[in-house]
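Here the numbering used here runs 165 ahead of the position in the sequence shown, where the first position is 1.
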Amino acid sequence: MISHEDLLREAQTLLKLPNRDEVRMRTIVGRAFYAGYHFLRGHPCTADFEFARDAGMGSHKQFLEWLGGRANLEIVFAGRLLGKLRSFRVEADYIIGSNLRPGIDEDAVETAEQIVEEVLAEYDAE
């Protein structure tokens, strides 16, 4: 079984390799998104989130909207960062007819690190 830590570590490892080609950059972005997503899905602050199959939107979109509707500002901010990662992942996974923006892989890893290591620190301290 893998965890969000494994996904983030993989993205960080790939980011350090020389000659990051387009495929590697796209892989890094995807691993970073899923590191942030699975961290938040497994966090106690999201324990009452329930995916509704009949909501007319995918699970990631539902989760982002749910995060954005919370009263706790740390949770809302984490949701905004995850939304940023989702937009990076959409670009990396679905817009393959053009080159990725230089540095998007670095931005994705930094954003995932921020979600995992910083954003909910105050929430966890409560």
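C-beta: ideal position from N, C-alpha, C; glycine also.
Give a single yes or no on whether residue i has its beta carbon closer than 7 Å to a heavy atom of the ligand NAP.
i: residue 242; result: Judged by which ligands are present, the structure shown has none, so any question about the ligand NAP falls away.
Where do the ends of the alpha helix (DSSP H) carrying residue i lie?
i: residue 252; result: 238-259
i: residue 222; result: Residue 222 -> no alpha helix (DSSP H), and no H or E assigned at all.
i: residue 269; result: 269-279
i: residue 193; result: 187-207
i: residue 180; result: 169-181
Among the options, which residue has its Cα nearest to the Cα of residue i?
i: residue 196; options: 167, 219, 210, 221; result: 167
i: residue 270; options: 206, 221, 178; result: 178
i: residue 181; options: 275, 215, 169, 221; result: 275
i: residue 187; options: 247, 246, 282, 256; result: 256
i: residue 213; options: 199, 194, 235, 223; result: 235
Classify residue i as helix, strand or coil using the three-state DSSP reduction.
i: residue 215; result: coil
i: residue 234; result: coil
i: residue 229; result: helix
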